[in-house]
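Engineer: This is the structure I have questions about; it appears just below.
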Amino acid sequence: MSTRAPESAGTVGTVGTQAPPAVRLVSIRKRYGKVDAVDGVDLTIAEGEFFTLLGPSGSGKTTLLRLIAGFERPDEGYVELRGDDVTLRPPYARDVNTVFQDYALFPHMTVADNIEYGLRVKRVPRAERHERVAQVLATVRLGGLGDRKPTQLSGGQRQRVALARAIVNQPEVLLLDEPLGALDLKLRQEMQLELKRIQEQVGITFLYVTHDQEEALTMSDRVAILRDGRVEQVGTPVEVYERPASDFVAGFIGVSNLIERDGRHVTVRPEKIRILDDTEQSEPGAHVESGVVREVIYLGAVTRYVVDLEAAGQLVVVRQNLDNAEQALQARGRRVRLAWQPEQAFPIEHRGSGRTDLEEEA
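Taking this note's numbering, the leading residue of the sequence shown gets 302, the next gets one more, and so forth.
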């Protein structure tokens, strides 16, 4: 294992008297056999930030979480928590807690006893334990349910208990490993908003792992997109969606169009493209391409069109169903003109990422 870099190399995120970052990963590498699960990752996560590790299965996001928690040790690099090198410390000696997808609640204990358990291990006085449990139950909106057993709760309520048990210890960093994966879609969407509300209320740094792009965009202050153990891009949800750094990021975060013109790869999001009516003129300066509608997919609020372009390639266009949606279904086989403003499309690095969402839809 590599030793900690000398201080003369500089400390990312610490300028003058500025507080050190909540989490700092420097040149982290973790191998399993001949596979680099994490391949030279550098990350800095600010205190109080809701930071998400986003990527497909096998991208290294859960391994990174385990390295921060102390469940694994890196083969190279080091881990800092608030400026302290914790690379060799066991999990119990790190000021972090982890929330898992399966809740990991004690079924024979009440909700209150589950939440209180960590405080009892730390020998916190009884009166303070009861006060903190009551406070955290109110925070997660489970007040009055402390006497129930986990089996008497819904999936969403059990997830809130697991969250309450983690934050009652007031850790510096809370690690969340796909905690909403077992919930149905509607409940998962509700819990996304709840998690963000709770994080803002308690002020703890949240480090969230998911493969769900909507979760990442909904909750995060910043997102790191991982691929094959490496970080492809770090940025705010707006930055990674509107200005993806590569074709992989563009295809993984929502649906993205990638076309090649004059030897350059250009990307444009489906909602940025207008389908011009037969007599409609494009806006001044707009880029216009002609093509034939190959597929029409009705999605309720919007309709998605797949258009084969005359100049080679294809585009997906999304249009809101503000008028008669049944007319949209009759567009298949029709020649159309597509238009977008130059600033809504930009060159992108092509790294051979395989199939994009566009190709899968087609």
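Virtual Cβ for every residue (Gly too), placed ideally from N, Cα, C.
Who does residue 588 pair with in a DSSP beta bridge?
Structural biologist: In DSSP, residue 588 forms a bridge with 641.
Engineer: From the DSSP output, read off the bridge partner residues of residue 542.
Structural biologist: DSSP lists no partner for residue 542.
Engineer: I'd like the ranges of any beta strand (DSSP E) spanning at least 3 consecutive residues and lying wholly in the segment 577-635.
Structural biologist: Correct list: 588-599, 603-610 and 615-621.
Engineer: Please report how far the alpha carbon of residue 636 lies from the alpha carbon of residue 564, in whole angstroms.
Structural biologist: For residue 636 and residue 564, the distance between alpha carbons rounds to 26 Å.
Engineer: Would you tell me roughly how many angstroms separate the C-alpha atoms of residue 522 and residue 578, rounded to the nearest one?
Structural biologist: If I take the Cα positions, the gap works out to 39 Å.
Engineer: What separation, rounded to the nearest whole angstrom, lies between the Cα atoms of residue 668 and residue 650?
Structural biologist: Nothing can be reported for residue 668, as the shown portion of the chain is limited to 302 through 663.
Engineer: Classify residue 478 as buried or exposed, calling it buried when 16 or more other Cβ atoms lie within 10 Å of its own Cβ.
Structural biologist: Counting Cβ neighbours within 10 Å, residue 478 comes out buried, since at least 16 surround it.
Engineer: In the DSSP assignment, find the unbroken beta strand (DSSP E) run with residue 424 in it and report its ends.
Structural biologist: First-last for residue 424: undefined, no H or E at that position.
Engineer: Residue 379: buried (16+ other C-beta within 10 angstroms of its C-beta) or exposed?
Structural biologist: Under this definition residue 379 is a buried residue.
Engineer: Look at the alpha carbon of residue 435 and the alpha carbon of residue 399, and state the distance between them as a whole number of angstroms.
Structural biologist: Cα-Cα distance, rounded: 21 Å.
Engineer: Below 8 Å, how does it come out for the segment 487-507 and the segment 424-434: are there three or more Cβ pairs, yes or no?
Structural biologist: Flag = no, the segment 487-507 and the segment 424-434 do not touch.
Engineer: Is it buried or exposed for residue 557, if we count other Cβ within 10 angstroms and need 16 for buried?
Structural biologist: That one is buried.
Engineer: Does the segment 505-522 touch the segment 347-356, meaning 3 or more C-beta pairs lie closer than 8 Å?
Structural biologist: Touching, yes.
Engineer: Looking at chain C, is there any beta carbon in it that lies within less than 7 Å of the beta carbon of residue 568?
Structural biologist: In the structure shown, chain C cannot be found, because there is only a single protein chain.
Engineer: What is the DSSP secondary structure of residue 553, reduced to helix, strand or coil?
Structural biologist: Here residue 553 sits in helix by DSSP.
Engineer: Between the segment 537-545 and the segment 363-371, are three or more C-beta pairs nearer than 8 Å?
Structural biologist: Segments in contact, no.
Engineer: Quick one: measure Cβ to Cβ for residue 395 and residue 382, integer angstroms, because I've assumed they're closer than 8 Å.
Structural biologist: So it is a contact: roughly 6 Å between Cβ atoms.
Engineer: Using the Cα positions of residue 511 and residue 348, report the straight-line distance between them to the nearest angstrom.
Structural biologist: Roughly 20 Å separates the two Cα atoms.
Engineer: In whole angstroms, give me the CA-to-CA distance for residue 662 and residue 339.
Structural biologist: Because residue 662 sits at a pLDDT of 37, beneath the cut-off of 50, its placement in the model cannot be relied upon, and the following sentence gives the value as read from the coordinates. Their backbone Cα atoms lie some 30 Å apart in a straight line.
Engineer: Nearest to residue 470 by CA position, among 444, 437 and 480, is which residue?
Structural biologist: Nearest option by C-alpha distance: 437.
Engineer: Just to confirm, are residue 640 and residue 575 a CB contact at a threshold of 7 Å?
Structural biologist: Their beta carbons are under 7 Å apart, which means residue 640 touches residue 575 by this criterion.
Engineer: In the DSSP assignment, find the unbroken beta strand (DSSP E) run with residue 331 in it and report its ends.
Structural biologist: Start and end: 324-333.
Engineer: What residues are listed by DSSP as bridge partners for residue 491?
Structural biologist: Answer is none; residue 491 lacks a bridge partner.
Engineer: Kindly indicate which residue of 611, 615, 604 and 610 has the alpha-carbon position closest to the one of residue 624.
Structural biologist: Here the closest residue by C-alpha is 604.
Engineer: Measure the alpha-carbon distance for residue 654 versus residue 547 and round it to whole angstroms.
Structural biologist: Summary for residue 654: the model assigns pLDDT 43, below 50, so the residue's position carries little reliability; its value from the coordinates is reported in the next sentence. One C-alpha to the other measures close to 9 Å.
Engineer: Looking at the unbroken beta strand (DSSP E) that takes in residue 338, where does it start and where does it end?
Structural biologist: That run of the beta strand (DSSP E) goes 336-346.
Engineer: To the nearest angstrom, how far is the alpha carbon of residue 327 from that of residue 414?
Structural biologist: When rounded, the distance between both Cα atoms is 38 Å.
Engineer: Is the beta carbon of residue 496 less than 7 Å from the beta carbon of residue 456?
Structural biologist: Going by C-beta atoms, residue 496 is not nearer than 7 Å to residue 456.
Engineer: Between the alpha carbons of residue 473 and residue 646, how many angstroms are there, rounded?
Structural biologist: Cα to Cα, the separation comes out at about 40 Å.
Engineer: Pick out whichever of 336, 417 and 482 has its Cα sitting closest to the Cα of residue 467.
Structural biologist: Of 336, 417 and 482, the residue nearest in Cα terms is 417.
Engineer: I'd like to check one pair, residue 619 with residue 572: are the Cβ atoms closer than 7 Å?
Structural biologist: Yes, these two residues count as a Cβ contact at 7 Å.
Engineer: Residue 597 and residue 633 - do their beta-carbons sit closer together than 7 Å?
Structural biologist: Yes; because the gap between Cβ atoms is below 7 Å, this pair is in contact.
Engineer: If you measure between the beta carbons of residue 384 and residue 480, is that distance less than 7 Å?
Structural biologist: No.
Engineer: Taking the straight line between their C-alpha atoms, what separation do you get for residue 590 and residue 614?
Structural biologist: Rounded to the nearest angstrom, the two C-alpha atoms are 11 Å apart.
Engineer: Which first and last residues belong to the alpha helix (DSSP H) in which residue 517 is found?
Structural biologist: Start and end: 514-520.
Engineer: Which residues in the same chain as residue 323 place their Cβ atom closer than 8 Å to its Cβ, once the five residues preceding and following it in sequence are excluded?
Structural biologist: Answer for residue 323: 346, 347, 348, 349, 350, 382, 383, 473, 474 and 506, listed in chain order.
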